[in-house]
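Residue numbers (this note's numbering): 1 to 284.
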C-alpha cells in the first residue's frame with residue numbers, strides 16, 4: 001500500500017461517529033435541568049414581578065415591599081428563633097386536626113361504602129353536618145372547649161374530615177368489579193378481599209381526599225389562630241397587620257404556603273409508595 005494512501009474510517013452499520021453518538025455535556029445538563037426550569041419558571045417570574053413592582057412605583061411599597069426585603073426580614077426573624085416557635089405551634093394544631101380526621105374518616109368511609117344499609121341511615125345526617133359552615137361553629141366550640149389548643153384542633157378536624165370521608169367512600173365504591181370478581185373466584189374470604197383488593201385499590205382516592213384536606217387544614221388553621229390565640233402563624237398574620245409590620249406579615253404568608261406545598265409533596269410521595277404495586281402489575 002502506498003505510504004500516502006490511507007484506509008477510510010469505518011463505523012458500525014446504521015450508526016454515527018462516536019462523537020455523534022455521545023450527547024454533548026450541554027445537552028445532558030439541559031435534559032436534567034429542563035424539568036426544574038419548566039416547573040420553576042412561573043414562580044421565578046412572579047417573584048421578579050414582586051421585586052420590581054414596588055421598586056418601580058407600580059404599587060405602594062408600604063403595603064407590598066420588595067421580595068428581597070421580605071426575605072431579609074424572614075431570615076432575621078428565623079435566626080431570632082421566634083419564627084420556628086410559631087411554626088411549631090401551628091404544625092402541632094394542623095397535624096393534630098389532620099391526624100384525627102384521617103383516623104376517623106378513613107374507617108368510617110370504608111364502612112359506609114362497604115355496608116349500604118349503614119350508608120342509607122347515616123348519609124342524611126353526615127350531609128347535614130358537611131354543609132354546616134365551620135366558621136359558624138367556632139363560637140360553639142369556644143363555648144364548650146374554651147379558646148385553647150383543643151378548640152383549634154377540633155375546628156381543623158371539622159374541615160378535614162369531609163374530603164377524606166368522601167374520598168374513601170368513592171375509592172371503595174368504585175373499585176374495578178373485575179378485581180372483586182377475580183378475588184372471589186379464588187375463594188378468598190370477605191376479610192381478605194377487603195384488605196387485599198378494596199383498600200389497596202382505593203388508596204389513590206383516599207390520598208386525593210387527604211391532599212384536599214391538608215389544604216383545608218392550613219386554611220382553617222390561619223382563621224382559627226386569628227381568634228383567641230397568642231402564637232402560631234395565623235396569630236402572626238393578624239398581629240403583624242395590627243402593628244403594621246408588613247414584612248413579617250408576608251413572611252408568615254410565605255411560610256404557610258411553603259408548609260402547604262411540603263405537605264402536598266409528602267402525600268404525593270406516599271401515594272406513589274403505596275401504589276407501587278400498580279406499576280409492577282402494569283409496567284406499561
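Beta carbons: idealized from backbone N, C-alpha and C, even for Gly.
These numbers come from a predicted model, not from an experiment.
With C-beta atoms as the reference, is residue 137 less than 9 Å away from residue 158? Taking the chain shown and counting its residues from 1, one reaches residue 137 at position 137. Taking the chain shown and counting its residues from 1, one reaches residue 158 at position 158. The answer is yes: Cβ separation under 9 Å.
Pair every Cβ in the stretch 139-159 with every Cβ in the stretch 211-220, then say whether three or more of these pairs are closer than 8 Å. As far as the Cβ criterion goes, the stretch 139-159 touches the stretch 211-220, which means the pair count is three or higher.
Distance between beta carbons of residue 274 and residue 203, contact taken as under 8 Å: The residue you call residue 203 lines up with position 203 of the chain shown. The residue you call residue 274 lines up with position 274 of the chain shown. Confirmed, about 5 Å.
Using three-state DSSP, classify residue 32 as helix, strand or coil. Within the chain shown, numbered from 1, the residue matching residue 32 stands at position 32. In the structure shown, residue 32 falls within a helical segment according to DSSP collapsed to helix, strand and coil.
Compute the Euclidean distance between the alpha carbons of residue 209 and residue 183, then round it to the nearest angstrom. To locate residue 209, count along the chain shown from 1; it is residue 209. To locate residue 183, count along the chain shown from 1; it is residue 183. Taking the straight line joining both Cα atoms gives about 26 Å.
Quick one, which of 234, 258 and 199 has its alpha-carbon nearest residue 111's? For the purposes of this step, residue 111 is taken as residue 111 along the chain shown, with counting starting at 1. When only C-alpha atoms are compared, the closest one is 199.
Can you list, in chain order, the residues of its chain with a C-beta nearer than 6 Å to that of residue 212? Leave out the 5 residues immediately preceding and following it. One-based indexing of the chain shown puts residue 212 at position 212. Here the set comprises 163.
Limits of the alpha helix (DSSP H) - the one that residue 183 falls within: Taking the chain shown and counting its residues from 1, the one referred to as residue 183 is at position 183. Per DSSP, the continuous alpha helix (DSSP H) segment holding residue 183 begins and ends at 177-185.
Can at least three beta-carbon pairs, one atom from the stretch 100-119 and one from the stretch 241-261, be found at a separation below 8 Å? The stretch 100-119, when compared against the stretch 241-261, does not touch it at the 8 Å Cβ threshold.
Is it true that the CB of residue 106 sits closer than 9 Å to the CB of residue 206? In the chain shown, residue 206 corresponds to position 206, counting from 1. In the chain shown, residue 106 corresponds to position 106, counting from 1. Using a Cβ distance threshold of 9 Å, residue 206 and residue 106 count as a contacting pair.
Residue 43 burial status per 10 Å Cβ neighbour count (16 or more: buried): Here residue 43 refers to the residue found at position 43 of the chain shown. Residue environment for residue 43: exposed (fewer than 16 other C-beta atoms within 10 angstroms of its C-beta).
Stretch-stretch touch, CB-based, cutoff 8 Å, three pairs: the stretch 121-137 with the stretch 171-186: Segments in contact, no.
Residue nearest to residue 176 in terms of C-alpha spacing, selected from 197, 270 and 51: In the chain shown, counting from the first residue as 1, residue 176 sits at position 176. Measuring from the Cα of residue 176, the nearest candidate turns out to be 197.
Backbone secondary structure at residue 62 - three-state DSSP: Within the chain shown, residue 62 is the residue found at index 62, counting from 1. In the structure shown, residue 62 sits in coil (DSSP, three-state: anything other than H, G, I, E or B).
Inter-stretch contact (C-beta, 8 Å, three-pair minimum) for the stretch 228-241 and the stretch 77-90: In the pairwise beta carbon analysis, the stretch 228-241 is classified as touching the stretch 77-90: at least three pairs are separated by under 8 Å.
Starting from residue 191 and walking both ways along the alpha helix (DSSP H), at which residues does that stretch end? On the chain shown, position 191 is the one that residue 191 refers to. Residue 191 -> alpha helix (DSSP H) spans 190-193.
Figure out for me which residue from 239, 151 and 195 has the closest Cα to the Cα of residue 93. As a first step, residue 93 is located in the chain shown; it is residue number 93 there, counting from the start. The shortest CA-to-CA distance from residue 93 to any of 239, 151 and 195 is the one to 151.
Put residue 136 into one of helix, strand or coil per three-state DSSP. Reading the chain shown from its first residue, position 136 is the one you call residue 136. The three-state secondary structure of residue 136, taken from DSSP, is helix.
Using the Cβ count rule (16 or more neighbours within 10 Å means buried), how would you classify residue 233? Position 233 of the chain shown, counted from the start, is the residue given in the question as residue 233. Buried, since its Cβ has 16 or more Cβ neighbours within 10 Å.
Ends of the alpha helix (DSSP H) at residue 227? Within the chain shown, the letter at position 227 stands for residue 227. Note, residue 227: premise wrong, no alpha helix (DSSP H); not H, not E.
Rank 272, 170, 166 and 246 by C-alpha distance to the C-alpha of residue 63 and give the top, closest one. By one-based count along the chain shown, residue 63 stands at place 63. Nearest to residue 63 by alpha-carbon distance, out of 272, 170, 166 and 246, is 246.
Taking DSSP as the reference, what is the three-state secondary structure of residue 241? Along the chain shown, one-based indexing puts residue 241 at 241. Assigned with DSSP and collapsed to three states, residue 241 falls in helix.
Closest to residue 77 by C-alpha separation, out of 255, 47, 57 and 268, would be which residue? Locating residue 77 in the chain shown gives position 77, where the first residue counts as 1. Checked all of 255, 47, 57 and 268; the closest Cα to residue 77 is 255.
Can you give, in chain order, each stretch of the alpha helix (DSSP H) that sits fully within the stretch 58-126 and has at least 4 residues? Fully enclosed alpha helix (DSSP H) runs of 4 or longer: 67-79 and 82-114.
I need the straight-line Cα distance from residue 32 to residue 131, nearest angstrom please. Position 32 of the chain shown, counting from 1, holds the residue named residue 32. Position 131 of the chain shown, counting from 1, holds the residue named residue 131. Rounded to whole angstroms, residue 32 to residue 131 spans 46 Å at the Cα level.
Below 8 Å, is the gap between the Cβ of residue 274 and the nearest heavy atom of the ligand SAM? Absence of the ligand SAM from the depicted structure is noted, as is the absence of any ligand whatsoever, leaving it without description.
Cβ shell of residue 101 (< 7 Å), same chain only, five flanking positions each side left out: Here residue 101 corresponds to residue number 101 of the chain shown, with the count starting at 1. Answer for residue 101: 157, 160, 161, 164 and 213, listed in chain order.
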